[in-house]
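Everything on this sheet refers to the single structure shown next.
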Amino acid sequence: MLHAGLPHDHGEDVSCVIERMPSEEAFRSAASVFRLMDDPSRIRIFWLLCHCEECVINLSAMVQMSSPAVSHHLRQLKAGGLIVSRREGKEVYYRAADTPQSQMLHIAVERMMEITCPGDARP
1 MLHAGLPHDH
11 GEDVSCVIER
21 MPSEEAFRSA
31 ASVFRLMDDP
41 SRIRIFWLLC
51 HCEECVINLS
61 AMVQMSSPAV
71 SHHLRQLKAG
81 GLIVSRREGK
91 EVYYRAADTP
101 QSQMLHIAVE
111 RMMEITCPGD
121 ARP
């Protein structure tokens with residue numbers, strides 16, 4: 001059955017798909033999360049923070065980048081809701097947020113790179 005407004009009939013009823021399609025705003029939100037992952041350094045930082053909690057200085061050493069560059073990436077990840085921070089004295093520690101978006105993105109990164117998480121029981 002042709003859905004009203006579709007110019008071609010390909011023999012499939014897509015009306016149920018069209019009715020369930022999320023709003024344009026929902027797609028914008030999803031795109032903004034994916035945009036956060038458009039930089040390999042940011043993906044590395046995010047991946048590290050999925051496995052440990054660290055300060056900027058240690059993260060800088062781990063990814064071999066300057067502290068200002070790492071801080072820039074951390075601000076973007078935090079603004080996107082993928083990481084959280086806590087202050088202990090003068091030090092700020094970062095880790096992946098405990099949200100479905102952050103967890104799903106971690107899984108996607110892992111699968112895309114075909115790597116195994118440290119401490120993971122997978123063979």
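Read in the UniProt record's numbering, the sequence shown has 41 at position 41, and its numbers run on one by one without any break.
Ideal Cβ positions, reconstructed from N, Cα and C, are used throughout, including at glycine.
Note that the structure is a prediction, hence the values are computed from the model and not measured.
CA-to-CA distance, S29 to residue 128, given in whole angstroms
For residue 128 there is no data in the structure shown, the boundaries of the chain being 1 and 123.
Distance check for S41 and Q103, CA to CA, integer angstroms please.
Taking the straight line from one Cα to the other gives about 19 Å.
Cα-Cα separation, residue 125 to S32
Look at the range of the chain in this structure, 1 to 123, and you will see that residue 125 is not part of it.
Secondary structure at S15, three-state DSSP: helix, strand or coil?
helix
Going by DSSP, name the residue or residues bridged to I83.
Answer is A96.
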